[in-house]
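Colleague:
Residue numbers (the working numbering): 48 to 447.
#1: Tell me which same chain residues have a C-beta within less than 7 Å of the C-beta of residue 157, skipping the five on either side of it?
#2: According to DSSP, is residue 76 helix, strand or coil?
#3: With the cut-off set at 7 Å, would you say residue 101 and residue 161 are in Cβ contact?
#4: Roughly how many angstroms lie between the CA atoms of residue 385 and residue 351, to the nearest whole one?
#5: Is the region 208-226 in contact with the region 110-124, if contact means three or more CB pairs nearer than 8 Å?
#6: By Cβ distance below 6 Å, which residues in the same chain neighbour residue 416 in space, the five residues on each side in sequence not counted?
#7: Among 138, 237, 80, 92, which has the Cα closest to the Cα of residue 49?
#8: Taking 7 Å as the cut-off, decide whether the C-beta atoms of residue 94 and residue 57 are in contact.
#9: Taking the straight line between their C-alpha atoms, what separation do you get for residue 435 and residue 411?
#10: Can you tell me whether residue 137 is buried or exposed, with buried defined as 16 or more other CB within 10 angstroms of its CB?
#11: Give me the Cβ distance between residue 433 and residue 51, rounded to the nearest whole Å; I'm assuming they're in contact under 8 Å.
#12: Tell me where the beta strand (DSSP E) around residue 7 begins and ends.
#13: Pick out whichever of 274, 285, 245, 441 has its Cα sitting closest to the Cα of residue 80.
#14: Taking all protein chains shown into account, do 16 or more other C-beta atoms lie within 10 angstroms of the C-beta of residue 265, making it buried, or fewer, making it exposed?
#15: Alpha carbon to alpha carbon, how far is residue 84 from residue 346?
#16: Assuming residue 450 and residue 314 make a contact with CB atoms under 8 Å, what is their CB distance in whole Å?
#17: Would you check if there are 3 or more beta carbon pairs closer than 8 Å linking the region 288-307 to the region 329-337?
#18: Three or more C-beta pairs under 8 Å: does that hold for the region 58-78 against the region 188-201?
#19: Just verifying my parser: in three-state terms, what is the DSSP assignment at residue 317?
#20: In chain order, what residues of the same chain have a beta carbon less than 6 Å from the beta carbon of residue 252, not counting five sequence neighbours either side?
#21: Helix, strand or coil, according to DSSP, for residue 413 in the structure here?
#22: Determine the direct distance from the alpha carbon of residue 186 to that of residue 155, and round the result to whole angstroms.
#23: Taking DSSP's pairing of strands, which residues face residue 393 in a bridge?
#24: Under 7 Å, do residue 105 and residue 273 count as touching if we go by C-beta distance?
#25: What span of residues does the beta strand (DSSP E) with residue 212 cover, start to end?
#26: For chain C, check one thing: does any of its Cβ atoms lie closer than 7 Å to the Cβ of residue 178?
#27: Suppose you measure from the CA of residue 128 to the CA of residue 118; what does that come to, to the nearest Å?
#28: For residue 153, which of helix, strand or coil comes out of DSSP?
#29: Quick check on DSSP: helix, strand or coil for residue 50?
#30: Sorted by chain position, which residues of the same chain lie with C-beta nearer than 8 Å to residue 143's C-beta, five sequence neighbours on each side aside?
#31: In this structure, how does DSSP classify residue 182 when only helix, strand and coil are distinguished?
#32: Would you kindly work out how many angstroms separate the C-alpha atoms of residue 231 and residue 211, rounded to a whole number?
#33: Output the boundary residues of the alpha helix (DSSP H) element that contains residue 380.
#34: Hey, could you find the ends of the alpha helix (DSSP H) residue 116 is sitting in?
#35: Ordered along the chain, which non-local residues of its own chain (more than five positions away) have a Cβ less than 7 Å from that of residue 153?
#36: DSSP beta-bridge partners for residue 421?
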C-alpha cells in the first residue's frame with residue numbers, strides 16, 4: 048500500500064510529488080497519469096510565460112504564489128539547465144478607455160511586490176519595442192519564458208531519483224474508501240493508498256465528485272488558438288507584448304509571446320471548447336458539451352456575456368479578425384507573415400451562480416483526500432510555490 052497517491056502528471060502534480068519527497072523522503076509515493084506522456088495537456092500546451100504576478104488582486108493566492116513562484120521557477124530552470132530567459136513584458140494601452148485599468152494593474156503589481164515596474168509613454172515603448180504603437184504601457188522587466196515541458200521532465204527525474212514511482216497510461220475511473228485505505232481503480236490495475244491528492248486539471252471536478260466532493264465549481268474548457276509569426280518575421284518583436292485585459296474575465300487577451308526556441312506565438316483567443324480536450328474546432332464530445340451548456344452557472348454566464356462569446360467565436364473563425372487584435376499593437380503585421388499555430392485548453396472553474404473563479408482553489412473537506420479544484424494561469428509559473436503550500440496543508444490534513 049502506498050502512503051500517498053497523486054493523480055495527474057501535469058506540472059502541478061509533478062511539483063507536488065517532488066516537494067513531498069523532499070519533505071518526506073521515506074514516503075512511499077506514486078503518481079498516476081492517464082496519458083502516455085507527462086505534461087500532455089495544459090502544462091505542455093501553454094504559452095511558456097513565467098509571469099511576474101502583476102495582474103492579480105493583492106492578498107490573493109495567485110498574487111502571493113505567482114510572485115514567489117516566478118523567482119523559484121527562474122532558479123529551478125537555471126539549476127537544471129532548462130531553456131529559459133528573462134525577456135520582459137509590456138502591457139499596452141492603445142486607447143483612453145484602457146488607462147484606468149492599466150493604472151489598476153500597475154497598483155496591483157506594486158502591492159504584490161513585483162520589482163522594477165514602470166509606467167512608460169510611447170517614446171519609451173519605442174525603445175523597447177520599436178514597432179509597437181502605444182498610448183501608455185507598463186514595463187515589467189522580470190517577466191520571462193521557459194520550456195515547461197522540459198521543466199516537467201526534470202521534475203519527473205527528481206521524483207524518480209527520490210524513489211517515487213510514476214505510472215503512465217493509468218486513468219483513474221473509480222475511487223472507494225474501504226476501512227482505513229483508499230482503493231483507486233484505474234483502467235489497468237487497482238492501487239491501494241492511505242492518502243490521495245488530485246491535480247486533474249480539466250478533469251479536477253470529475254475527480255472530486257468521484258470521491259464525494261462538491262459538484263461546484265465546474266470546470267469549463269476554453270480553447271485558445273494561436274498563430275505563429277513566420278521565421279522571417281520574428282524580428283518584429285523583442286519581448287512579450289500584452290494588451291490591457293478586460294477585468295470582467297480571467298483571460299489576458301491576444302498577445303505576442305516569443306518562445307525559448309525562437310518562434311513567436313500570437314494569441315490566444317478564448318472560446319468554449321466543444322470537448323474537455325477539444326483542441327480543434329472540429330473536436331466535439333456531445334455529452335461533455337451538453338454538460339457544460341446546461342450547467343446553471345454556464346447558462347447565467349452566457350446570458351450575461353453572449354455578445355463577447357459571439358465576438359470571440361468570430362475571431363476564432365476569421366484570421367482577419369484575429370489579425371486586427373494584433374494590429375492594434377503592431378500595425379504593420381500582415382496575414383502573409385503568419386501561419387497556423389498550436390492550441391491549448393484553459394480549464395476554468397465556474398461557480399453555480401455564473402461567476403468565474405478568479406483564484407486557486409484547494410479543497411480539504413474529506414478525510415485523506417486533497418483536491419486542487421482550480422489552478423489555471425499562472426499555475427505553471429507558481430507551481431513550485433503551490434506545491435509547497437499543498438504539501439504543508441495536505442500533510443496536516445493527512446496527519447503525516
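In this text, a Cβ means the ideal position worked out from N, Cα and C, and glycines have one as well.
Modeller: On the basis of the coordinates in this document:
#1: 164
#2: strand
#3: yes
#4: 34 Å
#5: no
#6: 243, 258
#7: 237
#8: no
#9: 16 Å
#10: buried
#11: With a Cβ gap of about 17 Å, residue 433 and residue 51 do not count as contacting.
#12: The structure shown does not extend to residue 7, since the chain is modelled only from 48 through 447, so no value can be given for it.
#13: 245
#14: buried
#15: 35 Å
#16: This structure leaves residue 450 out entirely; the chain is present only between 48 and 447.
#17: no
#18: yes
#19: coil
#20: 265, 266
#21: strand
#22: 14 Å
#23: 269
#24: no
#25: 212-214
#26: Any reference to chain C falls outside this structure, which holds one protein chain only.
#27: 16 Å
#28: helix
#29: strand
#30: 182
#31: coil
#32: 18 Å
#33: Run containing residue 380: none; DSSP gives neither H nor E here.
#34: 108-126
#35: 164, 166, 185
#36: 408
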